[in-house]
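These notes concern the structure reproduced below.
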Amino acid sequence: MIKNISNLGDAALYCDFGNEVNKSINSQVIKYFKTIKEKKFEGINNLTPSYNKLIISYDLKKTTFKEVKKFIEKINIEDSKKTNSKTLEIPVCCHENFSMDIKRLEEILKLSREKILENFLNKEYFCYMTGFIAGMPFLGDLDENMRAQRLETPRVKVPKGSVGLTEQFANIYTFESPGGWNILGNTPLDVFDSSKEDKPNLINPGDTVIFKEITLDQYKNFND
Amino acid sequence: MTNNYLDIIRPGINTTFQDKGRDHLYHIGIPFSGAMDNRNYLIANKLVNNNLDSAVVEFAYQGPHIKYSGDKINFAVTGDVIFSIKKNNAEIEGNCYQSYQIENGDEINILSTNKSVYGYLALGGELDLKFQWNSCSINTKANIGSNDGKKLDTGQRINIKKINSNKDLKKINYINNKIENIRVMKGTNFDYFSEQGKQTFYEKEFIVSKLSDRMGMRLEGPKIENIVNTNIKSEGLTKGVIQVPADGNPIIMLSDHGTVGGYPKIGAVASVDYDRLVQMAPGSKIKFKEINLADAETLFKLYEMETQNLLSQI
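Order-wise, the sequence lines are chains A and B.
Just so you know, we're using this note's numbering here: the first sequence kicks off at 1 and counts up by one.
Just so you know, we're using this note's numbering here: the second sequence kicks off at 1 and counts up by one.
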């Protein structure tokens, strides 16, 4: 449940669900997000769910902090609310052409390449949120022995499709972007497609993702 | 068939099409975008008898040089902008906040913005642009919007679907006020910073860095000391939020910002000061002044009334 509501500037509500990061708190955030979205409250113009926060932006010309807060405090969240989540298999190629940070990961984690891939692949990850860049999924949780910090100096360009790790999370760069995550492989799938206006994101909050390894040949032939 | 169009002779530095922007998309990672300086955007449209949410050409520092072909059309430039109009080989200097009529073969040359960043060129008609999520605003980072989500380029042709039948010429006296004090509210991680860090934030001067664009404004100055953690778990951001990364230099989120971020938020800029904030060019001095939410709401209401009042005079 929401532990505290405060203002983030004069045009957004900051709903705090606590500091823990886990599936159950995040599912609460997502339920609030979906319920509020359906209600179409006049003036609310954006909702940003994350691990344990929900930010509600509004048009200050149409409503105020007080009005939106009152609405949120009264809202009824059905616990049984369907989230329409799905499970997706994401092909990933971990050939040395793509796994730019495998050596760094081997050193930090003190694990061999084979062991790192074995720990990472064929497991279920939960999508906590999407964002930063359009469609980028934040997936978790990695095992304790797979957690590494961001690069000290972020890359100016991370290639499209890169699969990266940081702390307990994995993500996918939906297009070329600056970024500091440890890159382990690359997916040939289009994870974000702006031409599909009603469903641009392949992966949405609440979904389950499983990474399946493919060879370089399979990667090259994937879009044929 | 379209036979009214603009040819881009020189695109300028960061020239895009912008309108009111797009909303309800933060959760998939897409920001508002839209015209950076909303007041100047609205005035530009009103001066050429457009609907207020029409698309305009936004430019930064240096604008485009354009050649027009077709029937008579009105245009206007807003901001603090130096530009000229070329008709039959005679060149005249143009004035902002005044509409002009151009005809086949005329040229508009937008040379520079004067001690400011953004300027707007509105044409009295409807540009032929692609809409994505109800907006043709270009987001060059995600390549979303009209023009394949890319800046305007040399040699491009922009078609005009329809020219407004109302060709009344309009004018308004308006001066862009500059401000040094940007009013802010406390951020949600205000207590991550030491007493000295908080004092630095409110009392010292910062300089707008060259590494500023439609996504964010980076500031340089005394470092703001963090005593808790220089990272937080990634969470949502909004326009005007001020994040302080590990290096202690604040970054203000602007219209094309990343939708989530993992740096502590020391403050958030009051909406009333947003239009003027984005106009602060690299090298400008900036000081933050704390206000509370109630004052921020009242000040915005007044600013909005003033905007509506200006529009009603046109």
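All C-beta atoms in this analysis are idealised placements derived from N, C-alpha and C, irrespective of residue type, glycine included.
Checklist entry - Taking Asn7(A) as the reference, which of Leu310(B), Val269(B), Phe288(B) and Gln308(B) has the closest Cα? => result Ranking the options by Cα distance to Asn7(A), first place goes to Val269(B).
Item to check | Short CB-CB distance (under 8 Å) between Thr16(B) and chain A | outcome: False, the Cβ-Cβ gap to chain A never drops below 8 Å.
Checklist entry - Sorted by chain position, which residues of the same chain lie with C-beta nearer than 7 Å to Val208(B)'s C-beta, five sequence neighbours on each side aside? => result Around Val208(B): Met217, Leu219, Met280, Ala281, Pro282, Gly283, Ser284 and Ile286.
Checklist entry - Using the beta-carbon count (16 or more within 10 Å), is Val156(A) buried or exposed? => result The residue is exposed, with fewer than 16 neighbouring Cβ atoms inside 10 Å.
Item to check | Own chain, CB closer than 8 Å to Lys72(B), minus 5 neighbours either side, in chain order | outcome: Once the five neighbours on either side are set aside, the close Cβ partners of Lys72(B) are Gln101, Ile102, Glu103, Ile163 and Lys167.
Item to check | Distance between Thr140(B) and His24(B) (C-alpha atoms, nearest Å) | outcome: Rounded to whole angstroms, His24(B) to Thr140(B) spans 19 Å at the Cα level.
Item to check | Nearest to Ile158(B) (by Cα), restricted to the options Ile224(B), Val184(B), Ile227(B) and Val56(B) | outcome: Residue Val56(B) is the option with its Cα nearest to Ile158(B).
Checklist entry - Listing by chain order, which chain B residues have their CB less than 7 Å from the CB of Gly135(A)? => result Residues of chain B passing the Cβ test: Ile28 and Gly29.
Next on the checklist: Once the 5 residues before and after Ser177(A) are set aside, which same chain residues still bring their CB inside 7 Å of it?
Outcome noted: If we look at Ser177(A) and ignore the five residues flanking it on each side, its Cβ neighbours are Ile133 and Val158.
Item to check | beta strand (DSSP E) runs contained entirely in the segment 107 to 158 of chain B, provided each spans 3 or more residues | outcome: Correct list: 107 to 113, 118 to 123 and 125 to 127.
Next on the checklist: Between Asp193(A) and chain B, is any beta-carbon pair separated by less than 8 Å?
Outcome noted: Chain B contact via Cβ: absent.
Checklist entry - For Asp295(B), which three-state DSSP category applies? => result Three-state DSSP puts Asp295(B) in a helix.
Checklist entry - Hey, Glu124(A) and Thr64(A): beta-carbon distance below 8 Å or not? => result Annotated as distal: Glu124(A) and Thr64(A), with beta-carbon spacing of 8 Å or more.
Checklist entry - For Lys87(B), which residues from the same chain have a beta carbon less than 6 Å from its beta carbon, with the 5 sequence-adjacent residues on both sides left out? => result Counting only Cβ-Cβ distances below 6 Å, and skipping sequence neighbours, we find Asp106.
Item to check | Contact belief for Val68(A) with Ile44(A) at Cβ below 8 Å, rounded distance in angstroms | outcome: That belief holds up - the Cβ atoms of Val68(A) and Ile44(A) are roughly 7 Å apart, short of 8 Å.
Item to check | Tyr303(B) versus Val272(B): straight-line alpha-carbon distance, rounded | outcome: In this structure, the straight-line span from the alpha carbon of Tyr303(B) to that of Val272(B) is close to 6 Å.
Item to check | Endpoints, beta strand (DSSP E) assigned at Asn46(A) | outcome: Going by DSSP, Asn46(A) is part of the beta strand (DSSP E) stretching over Ile44 to Pro49.
Checklist entry - Residues in its own chain within less than 8 Å of Asp153(B) by CB, not counting five upstream and five downstream? => result Excluding residues within five positions, the ones whose Cβ falls inside 8 Å are Ile8 and Pro11.
Checklist entry - Name the chain A residues whose beta carbon is nearer than 7 Å to that of Ser312(B)? => result What Ser312(B) touches in chain A: nothing, since even the nearest Cβ is about 16 Å away.
Checklist entry - With a Cβ-Cβ cutoff of 8 Å, do Met136(A) and Tyr173(A) count as a contact? => result Contact annotation: Met136(A) and Tyr173(A) have beta-carbon atoms nearer than 8 Å.
Checklist entry - With a Cβ-Cβ cutoff of 8 Å, do Glu225(B) and Gly248(B) count as a contact? => result Taking 8 Å as the Cβ cut-off, Glu225(B) and Gly248(B) qualify as a contacting pair.
Next on the checklist: Need the endpoints of the alpha helix (DSSP H) that Ile156(A) sits in, please.
Outcome noted: Reading off the sequence, residue 156(A) comes out as Val, not Ile. Taken as a continuous stretch (DSSP letters only), Val156(A) belongs to no alpha helix (DSSP H), being part of the beta strand (DSSP E) at Arg155 to Val158.
Checklist entry - When you compare only the Cα positions, how much space is there between Thr113(B) and Thr238(B)? => result Distance between the alpha carbons of Thr113(B) and Thr238(B): 27 Å.
Item to check | Contacting residues, own chain, Cβ-Cβ under 6 Å from Asn119(A) (five flanking each side not counted) | outcome: The beta carbon of Asn119(A) lies closer than 6 Å to those of Asp143 and Met146 in the same chain, with the five residues before and after it left out.
Item to check | chain B residues whose Cβ lies nearer than 7 Å to that of Asn45(A) | outcome: Result: Asp23 and His24.
Checklist entry - The alpha helix (DSSP H) with Ser24(A) in it runs from where to where? => result Run containing Ser24(A): Lys23 to Lys39, per the alpha helix (DSSP H) assignment.
Checklist entry - With 8 Å set as the bound, which would you pick, yes or no: does the beta-carbon of Met146(A) sit closer than that to a beta-carbon of chain B? => result At least 8 Å separates the CB of Met146(A) from every CB of chain B.
Item to check | Proximal residues, the segment 169 to 192 of chain A versus chain B, C-beta separation under 9 Å | outcome: If you check each beta-carbon in the segment 169 to 192 of chain A against every beta-carbon of chain B, the ones closer than 9 Å belong to Phe169, Thr174, Phe175, Ser177 and Phe192.
Next on the checklist: Please list, in chain order, the chain A residues whose beta carbon lies closer than 8 Å to that of Leu293(B).
Outcome noted: Those are Asn7, Asp10 and Phe65, listed as they occur along chain A.
Checklist entry - Could you give the uninterrupted runs of the beta strand (DSSP E) lying entirely in the segment 17 to 83 of chain B, keeping only those of 3 residues or more? => result Within the segment 17 to 83 of chain B, the runs of beta strand (DSSP E) at least 3 residues long that lie entirely inside it are, in chain order, 56 to 60, 65 to 69 and 73 to 78.
Item to check | Through-space distance from Lys151(B) to Trp181(A), alpha-carbon basis | outcome: Straight-line Cα distance between these residues: approximately 28 Å.
Checklist entry - What are the start and end residues of each continuous beta strand (DSSP E) run of 3 or more residues lying completely inside the segment 220 to 285 of chain B, in chain order? => result Within the segment 220 to 285 of chain B, the complete beta strand (DSSP E) runs of at least 3 residues are 241 to 243, 251 to 253 and 265 to 269.
Checklist entry - For Thr48(A), does the count of other Cβ atoms within 10 angstroms reach 16, so buried, or fall short, so exposed? => result Thr48(A) should be labelled buried.
Item to check | Beta-carbon neighbours of Gly240(B), restricted to chain A and to distances below 7 Å | outcome: Within 7 Å Cβ-Cβ: Gly9.
Next on the checklist: Given a cut-off of 8 Å on the beta-carbon distance, is the pair Leu54(A) and Tyr32(A) in contact?
Outcome noted: It is a contact, given that the beta carbons lie within the stated cut-off.
Next on the checklist: Taking only three categories from DSSP, how would you classify Ser195(A)?
Outcome noted: Assignment of Ser195(A) by DSSP, reduced to helix, strand and coil, places it in the coil class.
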